[in-house]
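**Student:** For the sequence shown, the numbering used here begins at 51 and goes up steadily by one. Backbone N, C-alpha and C fix where the C-beta goes; we use that ideal spot for every residue, glycine too. The structure displayed is predicted, hence computed values, not measured ones. Take a look at this one; I'll ask things after.
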Amino acid sequence: MTHEFNERFDDFLRDCSLQEDPNATRKASQICLDHFCADLPELIGGFADLTGSNNTFSKHNTELKSR
């Protein structure tokens with residue numbers, strides 16, 4: 051991983067710790083996926099048919115479907 055990734059990760063952790071409004075675990079997980087997938091395109095999330103309700107789809111990923 052690049053030095054820039056480490057700096058962005060430190061910034062991300064700091065921003066998370068300063069957040070006053072609590073997030074549900076599912077939402078917090080999605081926020082993490084969005085942050086990490088921006089720098090790590092090989093990282094994917096998903097939870098079969100529950101992806102939408104479990105917030106496991108990053109805005110940086112594309113949807114995979116079977117044929």
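1. Kindly indicate which three-state DSSP category residue 88 falls into: helix, strand or coil?
2. Find the nearest neighbour of residue 57 within the set 81, 74, 110, 85, judged by alpha-carbon distance.
3. Measure the C-alpha to C-alpha separation of residue 107 and residue 53 and round it to an integer number of angstroms.
4. Give the C-beta separation of residue 94 and residue 111 to the nearest angstrom, bearing in mind that I take them to be a contact with Cβ-Cβ under 8 angstroms.
5. If you follow the alpha helix (DSSP H) that residue 53 is in, where does it begin and where does it stop?
6. Closer than 6 angstroms by C-beta to residue 80: which residues in its own chain qualify, once you throw out the five before and the five after it? Chain order, please.
**Tutor:** Well, looking at it:
1. Taking the first residue of the sequence shown as 1, we reach residue 88 at position 38. Of the three classes helix, strand and coil, the one that applies to residue 88 here is helix, per DSSP.
2. Against the sequence shown, residue 57 aligns to sequence position 7. Looking from the CA of residue 57, the closest CA among 81, 74, 110, 85 belongs to 85.
3. Taking the sequence shown and counting its residues from 1, one reaches residue 107 at position 57. Taking the sequence shown and counting its residues from 1, one reaches residue 53 at position 3. The alpha-carbon atoms of residue 107 and residue 53 are separated by roughly 26 angstroms.
4. The residue you call residue 94 lines up with position 44 of the sequence shown. The residue you call residue 111 lines up with position 61 of the sequence shown. 6 angstroms between Cβ atoms; contact.
5. Numbered from 1 along the sequence shown, position 3 holds the residue referred to as residue 53. It spans 53-68 - the alpha helix (DSSP H) in which residue 53 sits, taken as one unbroken run.
6. Within the sequence shown, the letter at position 30 stands for residue 80. Around residue 80: 105.
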